[in-house]
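Engineer:
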Amino acid sequence: MTYILQLIAIGISVLFLFELIMQMKKKKISEEHSVLWMMGVIGILCLSIFPNILTRVAHFLGVWWPPATLIFFLLTVLVIIGYRHTVSITKMEAEIKELAMQVALLKEQLHELQLEKQKDRKR
4 MTYILQLIAI GISVLFLFEL IMQMKKKKIS EEHSVLWMMG VIGILCLSIF
54 PNILTRVAHF LGVWWPPATL IFFLLTVLVI IGYRHTVSIT KMEAEIKELA
104 MQVALLKEQL HELQLEKQKD RKR
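This is how it looks when you write it as structure tokens:
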């Protein structure tokens with residue numbers, strides 16, 4: 004890895020890490036959802052600072068082309084993030100359905116109360 008590419012990778016990683024922290028401070032992303040992103044960014048930052056780590060890990064895992072190891076880990080992180088988002092979306096859908104049912108019940112009760120009030124006025 005050339006020094007220019009290494010500096011660009013470090014710069015992008017630091018900027019992304021900074022942006023992630025700012026989004027957490029603004030409460031636009033929860034800490035729960037940002038954990039995996041944070042781990043991924045820190046991993047990329049470590050690989051940018053110490054590019055020999057990737058070669059050593061690839062050699063340890065028996066992979067002959069070190070970038071394949073990086074691609075594997077990146078895909079693994081993205082699959083885990085996608086899975087966690089799917090779980091969150093499913094949970095939110097159930098909560099939305101529950102809230103919709105509660106709103107419908109409250110509207111029905113309000114309608115019944117209004118009808119009773121109108122009957123009382125007529126008497």
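Here the working numbering is used: the sequence shown runs in plain steps of one and ends on residue 126.
Even for Gly, the Cβ is constructed at its ideal location relative to N, Cα and C.
None of the values given here were measured: they were computed from a predicted structure.
Alpha helix (DSSP H) containing F63: first to last residue?
Structural biologist: It spans 55-64 - the alpha helix (DSSP H) in which F63 sits, taken as one unbroken run.
Engineer: Is it true that the CB of L18 sits closer than 7 Å to the CB of W201?
Structural biologist: As displayed, the chain neither begins before 4 nor continues past 126, which places residue 201 out of reach and without an answer.
Engineer: In this structure, does DSSP put T5 in helix, strand or coil?
Structural biologist: Coil, per DSSP.
Engineer: Give the DSSP-derived three-state secondary structure of K94 in the structure shown.
Structural biologist: Helix, per DSSP.
Engineer: Just the Cα atoms here: how many angstroms apart are I15 and I45?
Structural biologist: In a straight line, the C-alpha of I15 is about 11 Å away from that of I45.
Engineer: Do you know how far the Cα of N55 is from the Cα of P69?
Structural biologist: P69 and N55: Cα-Cα distance of roughly 10 Å.
Engineer: Counting Cβ pairs closer than 8 Å, one from the stretch 31-40 and one from the stretch 79-86, do we hit at least three?
Structural biologist: Because the criterion of three Cβ pairs below 8 Å is met, the stretch 31-40 and the stretch 79-86 touch.
Engineer: Return helix, strand or coil for W68, following the three-state DSSP convention.
Structural biologist: DSSP places W68 in coil when its eight states are reduced to three.
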